[in-house]
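Sequence positions in the sequence shown follow numbering that gives the first Met the number 0 and run 0 to 215.
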Amino acid sequence: MDPCERNTKNFRRHDFVFVGEVQDKFKRSKLPNNRETLQVLFNEIQINGKTINDSIWHTTKLIVPFWTKISRIPIIQEIKIFGKLKKLYEEWRLLKKNRLRKSASQISKEAKFQERLEELFDIARSDALTKMENEEDKQFLTQQRLPGRPGTITQRKDVKLATEECALLLKRRRSDERKEQRKRFKETYEKRNSYVQVDQEFGGLLTTITSLELRT
């Protein structure tokens, strides 16, 4: 079975080595780096208990507005973002699997991965800077690609509105998730009650049959 198709309900917080504490949302001042993207992905895994693929898709949906609506940067297709994030996750998973090995190769791979975690999770199109017309947006993308991601998302009125829209989108997604969880709980509860009712009716039937046998 593809490890990305399995259910993740048994994931524990300390499973997420190298990455640190999980986060329930992206920071609004900068474009997400690789560490922040994995932190949000792992938060989706812990909260929803869905497959890795479902969690990657959900994280993809969350990250897109930061690029297109807030920063107005042309990005690659969502299916390619999914592939990029899945590749990053698989790299983390392999390092985690071999983390007890103390070979020079393993130590070197872990060090390089830790460095890459601070780099921008770059989903811009290869010709993004050419396509973009606003010089401020171009400068922002260029800065975010530098070590430390200097600069912050500009606070123009349209950017503030887009940020509020992203917050509303996230709130709606959380609300939908809670509704789905309540729905699953209700279905499980009703199903369990139906089993109890059948069991009680069957028990009553056995009592009646036993009583009739004794009379005869």
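We treat Cβ as the ideally placed atom computed from N, Cα and C, and that holds for glycine.
Report the option in SER174, ARG183, PHE17 whose CA atom is closest to the CA atom of LYS95. PHE17
Write down the C-beta distance between ARG124 and ILE75 rounded to the nearest angstrom, noting that I regard them as a contact closer than 8 Å. 6 Å
Taking the alpha-carbon of TRP66 as reference, which of LYS26, GLN22, PHE15, GLU176 has the nearest alpha-carbon? Closest option to TRP66, Cα to Cα, is LYS26.
Helix, strand or coil for ASN32 per DSSP? strand
Within 10 Å of its beta-carbon, does PHE15 have 16 or more other beta-carbons around it, so buried, or fewer, so exposed? Buried is the label assigned to PHE15, since at least 16 other Cβ atoms lie within 10 Å of its Cβ.
Looking at C-alpha atoms only, which residue of ARG181, LEU37, GLU135, ARG71 is the closest neighbour of GLN113? LEU37
Note down, in chain order, each residue of its chain lying with its Cβ closer than 8 Å to the Cβ of ASN133, except the 5 sequence neighbours on either side. The answer, listed in chain order, is ARG71.
Among ILE78, LYS29, LYS68, which residue has its Cα nearest to the Cα of ASN52? ILE78
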